[in-house]
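Note that the protein sequences, when read in sequence, are chains A and B. Residues in the first sequence are numbered from 6 upward in steps of one, following the numbering used here. Residues in the second sequence are numbered from 610 upward in steps of one, following the numbering used here. Before any comments, here is the structure.
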Amino acid sequence: MAVRAETQTPAWQRGKVASWLVTTDHKRIGILYIGTSLLFFVLAGLMALAMRIQLAQANADVIGADRYNELVTIHGTAMIFLVVVPILVGFGNFLVPLMIGARDVAFPRLNALSYWLFALGGAVLMLSFFADGGAAKAGWTAYPPLSTETPGNGQDLWILSLHILSAASLAGAINFLVTIHNLRTRGMTWTRMPLFVWSIYVFSWLLIAILPVLSAGLTLLLLDRGISFGPWEVSTSFFDASDGGSAVLYQHAFWFFGHPEVYVMVLPAFGIISEVLPVFARKPIFGYKAVLLSTVAIGFFSMLVWAHHMFTVGLPYSLQAFFMVSSMVIAVPTGVKIFNWLATLWRGNLSFDTPMLFALGFISVFTIGGLSGIYLAAFPIDWQVHDTYFVVAHFHYVLFGGVVFAIFTGLHYWWPKMFGRVLDERLGKWQFWLLFVGFNVAFFPQHMLGLEGMPRRIYTYADESWEGYNLASTVGSWVMGIALLLFFWNVVRTSRSGPRVGNDPWQADTLEWYTTSPPPPHNFDDVPYVTSARPLYDLRRRLREKSDFREL
Amino acid sequence: MRAKLLLPAGLLLLAAIAAPGALADNGGFTPVDPESPNAEGIRDSFLFVSIFAVSIFVLVEGLLIAFLIRYRRRRRPRFEDGVQIHGATRLELLWTAFPVVVLFLIGTFVLIELPGITNVPSAGASGQLEVRVTGRQFYWQYEYPNGVIAIDTLRAPAGVPVRLEVVAPDDDVIHSWWIPALGGKIDAIPGTVNETWFEAERPGIYTGQCAELCGVEHAKMLASVEVMPEDEFEAWLAGRREEQTAGTSELGEEEWAGVCAKCHGLAGEGGVGPRLAGSIVLADPEAVESIVRNGRRTMPAVGSGWTDEQIQALTKYLQENPPSGS
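This is the structure:
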């Protein structure tokens, strides 16, 4: 048992703002992560809207080529490193200790450091637009020699930002692992742990495995660009062919990180879906152990597939065949998850509240993203569609249709736990339908654009036959924008007037619903002994059996 | 109340997927019509995968919609338990094995198709043509075995296998060669020699463009392949060889349009690069050569490694056709 010396909080730390700035409470840090990420989401989303306006018509000149390349680079980098990952880390922060019945994470101050490093890294990336020469413009993948030859400081700040964010993520990952290993409450064995906690567990191991490789690649990139420190100047040529280096080497380092990073984002999203579906189906998750094993399997195999991003660099065919097979292997546990989710709905008592709508939307669009992935894994097909809008469509189906839908599932579902008030259902449903339709209109036509020959990352095109799909895509992006506005309007409107709904509005199964909404700083006054993966379900049943129990 | 939502939901899903297709003027969910055996092999693989992708899509979305309708709450109490089923090992094994079989079939089909996609067909009576394709910021340069050089538009004979050696200069960046109708893409990487090929049966002009972000005017790095009847091509190649030596070929014009104009404008009116019309530098062949060979400020050394023939073609063209500015 940890012994905690109670100290009086100094007066200056008790203010409304100051208390958030100095907090080490995992719940507040979680909310800070989510809030900050939503701010970056708005910024990176506006970048996307600007790009879609530029691409609505052939030969348009709304934003210049240089600015477009900056937007395409920062939009991608920000959506991954500043929006999706940290928002999921925010959920992890808020939920993991509550779900395992702990008082806080293992290292609360390290947790605060992670958050502030993330905020700093995000600020560096966003402010790099004001750097000499503008922001980085070599794409979020920053392939050399393009990224080493670009003058100005944008690319250097991009590298710096990613280094800071990697440090934040590493510290956060270690924190999650130590927490999950050591702070589970009595009775919570590994196979009684909520599936969301499992997903954060695998997520953390993945980050620890892959981030150092990214950091190494980025450091070499920085050295290749050249750094000077007082009288010393270092300029290397790891990726410079004119001096014996290899540009493809960077791609290996980047994608060894980059592909598992996809699963870093997708696994916690899977975790959210696995928590929410059973609650609105009034059933246990179908095949708990199968879903759990598929999470672990996906985590492991995700580290063996990286070169499927490099099918066009001229690797030997035997190697390409290997990466085709390994990439296809990942589809198996992913399919297992989809089938288990469907089976969870089977013979349930389904309610279609907003969180459930988003979860169902997730299944329906993520399936499309998974299926288009099979085309990309088959390497000769990839030679045709690689680096085209087909790929853009594919990863938006996975990352927006998949992960962002899961994020809204989680936001609508856990909002009452975080703030004590539910979001408005009517606005929530409007948001879902607008987002669902807008998303499909924006991204489905991009499959066809890619097949017709439109490469990604071009700021304009001359082929007028591409205009129809592009215009549809742009219109879809506006509908998505309206849907997101509705979400923020919902947040503002319910922040004062939303109904308070008590500890457990959804009659859910996991421990976070046992405590008050929002939970007190110490989380729990007492934690029930855990006898299954659904402690609150067990508790309700025991109480009901005892007789006159109505509702918690 | 909630049941009412389901019908519009289904319709919206259909509309969302059908609308863009209806909006567009051409094409569908298949690659562009192949004009070369390798593109055909890729298209066949695509269609083979589609059989399974579409079936799985219909299965999953169909089950999803069916379950939503069948097991919706209706008049049951909100928190009444559904049937408490925890899992079924046989089902788990079944839906683990099913994708394995599907993926095995797809992988096998792809590997069977592979030789037809990668192997250059053995040359017929007229042999095969080899062309060196160099990707550069922001143009494609083609070198034929007899020394003929062309920019952006590759002329090729119909019915003859054309082998392409795809490269990029050491001081340039990565590009990617891609003509959708003539096969998949292959990267042009500094320090690496990659290979691809095509054999177009029908004369025509097939277009594509650089598929790897290569800098500010990446979007303008278009490529086209003009496939001509074989005798016409032979005549063009021989004629071009003579004209290039004599300094009367179209090379200078191709260089202006392909190398200079993408940044400076076709009439020299300026764009990403400064306005050239009226510049005294253009009248000075040595100054032009120096800038083209070495670059200047943010301008890359677009003509590093050019032959004197190439430089002279450009300076001659500029002297005879000074850019008008509009």
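Glycine residues also receive a C-beta, built at the ideal position from the N, C-alpha and C atoms.
I'd like to know if the region 769-778 of chain B and the region 797-808 of chain B are in contact, where contact means that at least 3 CB-CB pairs between them fall below 8 angstroms.
yes
Please name the residues in the region 471-493 of chain A whose beta-carbon is closer than 7 angstroms to at least one beta-carbon of chain B, in chain order.
Gly473, Tyr474, Ala477
Report yes or no: is there a C-beta of chain B within less than 9 angstroms of the C-beta of A/Asn345?
yes
Residues of chain E with CB under 8 angstroms from B/Lys794, in chain order?
In the structure shown, chain E does not exist; the protein chains are A and B.
Going along chain B, which residues have a C-beta under 9 angstroms from A/Thr372?
Ile665, Phe666, Val669, Glu670, Leu673
For B/Trp786, list the residues DSSP reports as bridge partners.
B/Ile795
is_contact[A/Asn4, chain B] using C-beta, thresh 9 angstroms:
Beyond the ends of chain A as shown, which are 6 and 557, falls residue 4 of chain A; an answer cannot be given.
Pick from B/Pro883, B/Leu720, B/Leu831, B/Ala910 that is closest to B/Gly934, judged by C-alpha positions:
B/Pro883
Cβ atoms of B/Ala886 and B/Ala896: under 9 angstroms apart, would you say?
no
Any 3 or more C-beta pairs closer than 8 angstroms across the region 741-749 of chain B and the region 697-704 of chain B
no
Which same chain residues, not among the five before or five after B/Glu918, have their C-beta less than 7 angstroms away from its C-beta?
Gln853
Can you determine whether any heavy atom of the ligand HEM sits closer than 8 angstroms to the C-beta of B/Ala832, and answer yes or no?
The ligand HEM is absent from the structure shown, which contains no ligand whatsoever.
So if DSSP puts A/Gly507 in a beta bridge, which residue, or which two residues, is it bridged to?
DSSP, once it has assigned bridges, lists no residue as partnering A/Gly507.
Taking Cβ to Cβ, would you say A/Arg108 is nearer than 9 angstroms to A/Asn528?
yes
Nearest candidate by alpha-carbon position, reference A/Gly138, set A/Gly126, A/Leu416, A/Glu75, A/Val532:
A/Glu75
Let's see if you can read the secondary structure: which residues bound the alpha helix (DSSP H) around A/Ala488?
472-502
By the three-class DSSP mapping on this structure, what secondary structure does A/Phe96 have?
helix
Tell me the residue span of the beta strand (DSSP E) that contains A/Tyr380.
That residue, A/Tyr380, is in no beta strand (DSSP E); its alpha helix (DSSP H) goes 359-382.
Answer with yes or no whether the minimum CB distance from A/Glu457 to chain B is below 9 angstroms.
yes
Would you tell me roughly how many angstroms separate the C-alpha atoms of B/Phe661 and A/Ala326, rounded to the nearest one?
20 angstroms
A/Arg189 to A/Gly106, Cα distance in whole Å?
6 angstroms
Relative to chain B, which residues along the region 285-319 of chain A have a C-beta separation below 8 angstroms, given in chain order?
Ala286, Arg287, Lys288, Pro289, Phe291, Gly292, Tyr293, Lys294, Ala295, Thr317, Val318, Gly319
Go to A/Phe243, then tell me how far its alpha helix (DSSP H) extends in each direction, as first and last residue.
First-last for A/Phe243: undefined, no H or E at that position.
Taking its Cβ as the centre, do 16 or more other Cβ atoms sit within 10 Å of A/His186, making it buried, or is it exposed?
exposed
Express the C-alpha separation of A/Leu103 and A/Lys422 in angstroms, rounding to a whole number.
11 angstroms
Answer yes or no: does any C-beta atom of chain A fall closer than 9 angstroms to that of B/Glu808?
no
Taking 9 angstroms as the CB-CB cut-off, is B/Pro770 touching chain A?
no
Quick one: list the residues of chain A neighbouring B/Gly856, beta-carbon separation under 8 angstroms, in chain order.
The premise fails here: B/Gly856 is roughly 31 angstroms from chain A at the closest Cβ pair, so nothing lies under 8 angstroms.
Chain A contact residues for B/Pro640, given Cβ-Cβ distances below 7 angstroms
Gln389, Leu456
Where the alpha helix (DSSP H) containing B/Gln919 begins and where it ends:
917-929
Taking the alpha-carbon positions, what's the B/Val709 to A/Pro338 distance?
10 angstroms
Please identify, using Cβ separations under 7 angstroms, the residues of the region 237-266 of chain A that lie next to chain B, in order along the chain.
Ala246, Ser247, Ser251, Ala252, Val253
Contacts of B/Trp704 in chain A (Cβ-Cβ under 7 angstroms):
Gly340, Val341, Phe344
Just grab the DSSP bridge partners of B/Met908 for me.
B/Arg905
Counting only beta-carbon separations shorter than 9 angstroms, does A/His186 have a partner in chain B?
no
Do we get a CB-CB distance below 9 angstroms when we pair A/Val77 with the residues of chain B?
yes
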